[in-house]
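Asker: Numbering (my numbering), first residue to last: 3 to 252.
Every residue, glycine too, gets a C-beta built ideally from N, C-alpha and C.
Remember, predicted model here, so these are calculated numbers, not experimental data.
(1) Buried or exposed for residue 62, going by 16 or more other Cβ atoms inside 10 Å?
(2) What three-state label does DSSP hand residue 134 in the structure shown?
(3) Which whole-angstrom value is the C-beta distance of residue 167 and residue 54, which I expect to be below 8 Å?
(4) Could you check if residue 122 is buried or exposed, using at least 16 other CB atoms within 10 Å of its CB as the buried criterion?
(5) Compare the Cα-Cα distances from residue 221 to each of 179, 187, 12, 44 and report the closest residue.
(6) Given a threshold of 16 other Cβ atoms within 10 Å of its Cβ, counted over all protein chains shown, does residue 111 qualify as buried or as exposed?
(7) Check for me: the alpha helix (DSSP H) holding residue 183 runs from which residue to which?
(8) Cα separation between residue 41 and residue 159?
(9) Is the beta carbon of residue 165 less than 7 Å from the beta carbon of residue 29?
(10) Between the beta-carbon of residue 68 and the beta-carbon of residue 19, is there less than 7 Å?
(11) Pull up the CB-CB distance for residue 103 and residue 180, whole angstroms please, since I reckon it's below 8 Å.
(12) Output yes if chain B places a C-beta closer than 7 Å to the C-beta of residue 10; else output no.
(13) Taking only three categories from DSSP, how would you classify residue 295?
(14) For my contact list, residue 217 and residue 11 are in at a C-beta cut-off of 8 Å; report their separation, rounded to the angstrom.
(15) My understanding is that residue 59 touches residue 129, with C-beta atoms under 8 Å, so please give their C-beta distance in whole angstroms.
(16) Looking at the strands, I want to know which residues DSSP matches up with residue 122.
(17) Under 8 Å by Cβ, that's how I've got residue 89 and residue 157 pegged, so tell me the actual separation to the nearest angstrom.
(18) Around the C-beta of residue 133, are 16 or more other C-beta atoms found within 10 angstroms, so that it is buried, or is it exposed?
(19) Can you tell me which of the three DSSP states residue 167 falls into?
(20) By DSSP, does residue 230 sit in helix, in strand, or in coil?
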């Protein structure tokens, strides 16, 4: 993969989005623009609407109110990939790692068997550290190895926007370190929107930080995001240099 020019142009825009399940309002007053080159880290409490926000962004859910716009910037369509929190892979299905990753080329004009397809497959196997497992059945993989294969599937199409929902759930520390390495590598040429509770490492890589709990709050610094979860509706935190730049504690 080669680095692309990141211009900061909008790719996805949510305007006045609300989502309700019956009488329960899950999200309200959501205005959010994802720009080319963004790495957006999202956190918030369970049930706060994080996954719902992602699914609306991906047009997998239609909001009760509001609009979701895609900007393809001259392309026929905006290319998005999604790594959900829970995968629906059947561990008993006779399919290999290479075949799982190749699924990400479905819907593109690239065949896994053509030169470009083989080149991309080699890149994904190397990036995810699965070269020695390319012919392994998915039922033989650890949780971290399977998650890496699914990440390869999401990346092989070279999406403009990669959306990840709790990608570190149910995996070991070894996979975490590999995952951070992959994110650091791809953020120079892929726009990333990522939900995670394991936020310290992610916050350092992200350029935008958002908390979701029925609505969204924009956090203006990574350190504030990690320490306080963007609870900016509350009084400024006395020990926080971002809230009190002139504080004697700085």
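Answerer: This is what the structure gives:
(1) exposed
(2) helix
(3) Not really, about 10 Å apart at Cβ, beyond 8 Å.
(4) buried
(5) 44
(6) exposed
(7) 175-188
(8) 19 Å
(9) no
(10) yes
(11) The pair is not a contact, with the Cβ atoms about 15 Å apart (cut-off 8 Å).
(12) Here chain B cannot be found, since the structure has a single protein chain.
(13) Limits of the chain in this structure are 3 at one end and 252 at the other, which puts residue 295 out of reach.
(14) With 8 Å as the limit, residue 217 and residue 11 do not qualify as a contact, their Cβ atoms being about 26 Å apart.
(15) So it is not a contact: roughly 24 Å between Cβ atoms.
(16) Answer is none; residue 122 lacks a bridge partner.
(17) At roughly 15 Å, the Cβ-Cβ gap does not stay under 8 Å, so residue 89 and residue 157 are not in contact.
(18) exposed
(19) strand
(20) Any reading at residue 230 needs caution, since the residue's pLDDT is 49, under 50, leaving its predicted position unreliable; the model's value is listed next. Residue state, collapsed to three classes: helix.
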